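Student:
Numbering (full-length UniProt numbering), first residue to last: 1 to 471.
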């Protein structure tokens with residue numbers, strides 16, 4: 001079972017592919033080297049045959065016959081394997097061959113002839129490069145050079161190939177087995193860690209190791225994903241607890257009022273008041289649930305289909321018209337400072353109105369009478385920004401990150417009605433628009449430092465189209 005898993009690993013399969021490539025490369029090199037050596041040997045043999053034939057054609061009949069019989073020259077004795085004289089009827093005169101080789105033509109060209117039972121290779125066929133030329137006296141001189149060098153070369157190269165490739169292949173296979181065993185051991189550790197995670201141990205992580213390879217990068221990516229999932233689950237658990245806490249209060253009040261109304265004898269008017277207050281408490285519960293559902297919908301990115309070019313100054317003007325009567329009743333100055341030029345971004349107009357309305361509503365809740373709330377738009381090198389500034393109680397620096405969490409209520413705002421989901425909704429919409437939300441203080445006043453919310457957008461002319469439009 002272990003060997004089966006070992007041989008099925010990607011590392012071992014890669015090793016087999018490398019081994020196959022090595023064998024193929026070695027075989028190709030052998031074939032190429034053997035082909036080149038064969039061509040070289042053929043040309044060398046032909047040159048020697050032509051040169052020797054040219055020298056012997058100049059000899060007299062007696063000297064030629066004597067040299068052929070006695071192999072009187074070094075070339076005939078060492079270089080030529082076959083030297084024979086035939087008459088004009090191809091009958092034997094003197095030399096190594098007693099019969100005219102079959103297939104040989106006296107045309108002055110070299111031919112490759114296979115001889116059976118020759119003296120130089122008794123009992124076995126021999127392949128020779130042979131040349132037949134006419135000499136003095138109407139006779140024919142046959143010269144031949146054996147191909148035994150080619151056979152020896154082939155045998156030597158084959159032996160060298162086996163001697164070199166076999167140890168290399170064995171070493172590569174052993175290396176592949178060792179590396180596969182190590183990879184399999186790491187994968188086994190990862191499987192065990194995954195099993196523990198599936199059993200509920202969310203703090204478990206995959207062993208990354210020190211090797212900078214694909215498995216380590218994969219383990220690192222999975223561990224980062226697990227970290228993110230753990231944080232999300234913690235947030236979900238916290239959100240569930242917050243939902244239960246926030247819904248329990250109004251529902252408890254509803255039950256208590258209904259219970260008192262049932263046990264006491266109230267008039268019709270008193271019962272209507274109890275019902276009205278119960279409805280208000282239920283509306284508060286429904287508002288929390290609706291806000292949570294809306295945040296979930298926005299975070300899933302489903303609203304991107306409604307993206308288009310939005311004029312931020314037009315948005316600010318609409319919000320001013322909507323909230324100005326409320327601001328006047330509270331003694332707050334609500335104003336708009338438009339930017340220079342056209343302040344346009346790519347987004348959903350309805351969602352951006354909701355963002356601006358939430359920010360202005362929050363600013364007016366925490367700004368005392370006589371204060372002011374300012375909506376400002378401007379453009380810089382990074383893009384277009386929308387800013388809401390107030391002169392209220394402000395947000396301490398240590399709470400500026402936490403206020404965008406769901407159901408978060410600071411100590412200064414617990415007396416103000418609300419569910420703690422407004423800024424969470426704002427953050428979800430801002431992230432949907434690939435924008436950045438920054439929170440700071442409006443001024444240096446220890447009592448009323450104010451708050452400034454800045455949303456930084458990418459300008460519509462530089463923004464990428466949303467995924468649905470890009471498709």
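We treat Cβ as the ideally placed atom computed from N, Cα and C, and that holds for glycine. Predicted model, so just to flag it, every value in this text is computed and none were measured.
Expressed to the nearest angstrom, what Euclidean distance is found between the alpha-carbon atoms of residue 371 and residue 358?
Tutor: Going by the C-alpha atoms only, they are around 18 Å apart.
Student: Which residue comes first and which comes last in the beta strand (DSSP E) that contains residue 82?
Tutor: 82-86 is the extent of the beta strand (DSSP E) around residue 82.
Student: Helix, strand or coil for residue 340? Go by DSSP, reduced to three states.
Tutor: In this structure, residue 340 counts as coil in the three-state DSSP scheme.
Student: So, helix, strand or coil for residue 57, using DSSP?
Tutor: Of the three classes helix, strand and coil, the one that applies to residue 57 here is coil, per DSSP.
Student: Quick check on DSSP: helix, strand or coil for residue 381?
Tutor: The answer is coil: DSSP assigns residue 381 none of H, G, I, E or B.
Student: Would residue 112 be called buried (16 or more neighbouring beta carbons within 10 Å of its own) or exposed?
Tutor: Classification for residue 112: exposed.
Student: Using only CA atoms, which one of 68, 79, 76, 107 lies nearest to residue 92?
Tutor: When each option's Cα is compared against that of residue 92, the closest is 68.
Student: Looking at the structure shown, is residue 374 part of a helix, part of a strand, or coil, going by DSSP?
Tutor: Strand, per DSSP.
Student: My understanding is that residue 389 touches residue 341, with C-beta atoms under 8 Å, so please give their C-beta distance in whole angstroms.
Tutor: Actually they are not in contact, since the Cβ atoms of residue 389 and residue 341 sit about 21 Å apart, beyond 8 Å.
Student: Measuring only the C-alpha atoms, how far is residue 386 from residue 401?
Tutor: Looking at the two C-alpha atoms, the distance is approximately 19 Å.
Student: Which residue comes first and which comes last in the beta strand (DSSP E) that contains residue 112?
Tutor: Looking at the DSSP string, the run of the beta strand (DSSP E) that includes residue 112 is 110-115.
Student: Out of 131, 442, 397, which one is the CA nearest neighbour of residue 109?
Tutor: For the residues 131, 442, 397, the minimum Cα distance to residue 109 belongs to 131.
Student: From residue 452 to residue 439, what does the alpha carbon distance come to, in whole angstroms?
Tutor: Rounded to whole angstroms, residue 452 to residue 439 spans 6 Å at the Cα level.
Student: Between the stretch 268-285 and the stretch 344-359, do three or more beta carbon pairs fall short of 8 Å?
Tutor: With the cut-off at 8 Å, the stretch 268-285 and the stretch 344-359 do not touch.
Student: Closest to residue 60 by C-alpha separation, out of 135, 128, 442, would be which residue?
Tutor: Here the closest residue by C-alpha is 135.
Student: How about residue 145 and residue 49: do their beta carbons lie closer than 8 Å?
Tutor: Going by C-beta atoms, residue 145 is nearer than 8 Å to residue 49.
Student: Select from 153, 90, 429 the residue whose C-alpha is nearest the C-alpha of residue 307.
Tutor: Residue 307 has its Cα closest to that of 429, out of 153, 90, 429.
Student: Could you have a look at residue 146 and say whether DSSP puts it in helix, strand or coil?
Tutor: DSSP places residue 146 in strand when its eight states are reduced to three.
Student: With a Cβ-Cβ cutoff of 8 Å, do residue 279 and residue 315 count as a contact?
Tutor: No.
Student: Can you list, in chain order, the residues of its chain with a C-beta nearer than 6 Å to that of residue 38? Leave out the 5 residues immediately preceding and following it.
Tutor: Within the same chain, residue 38 has close Cβ partners 150.
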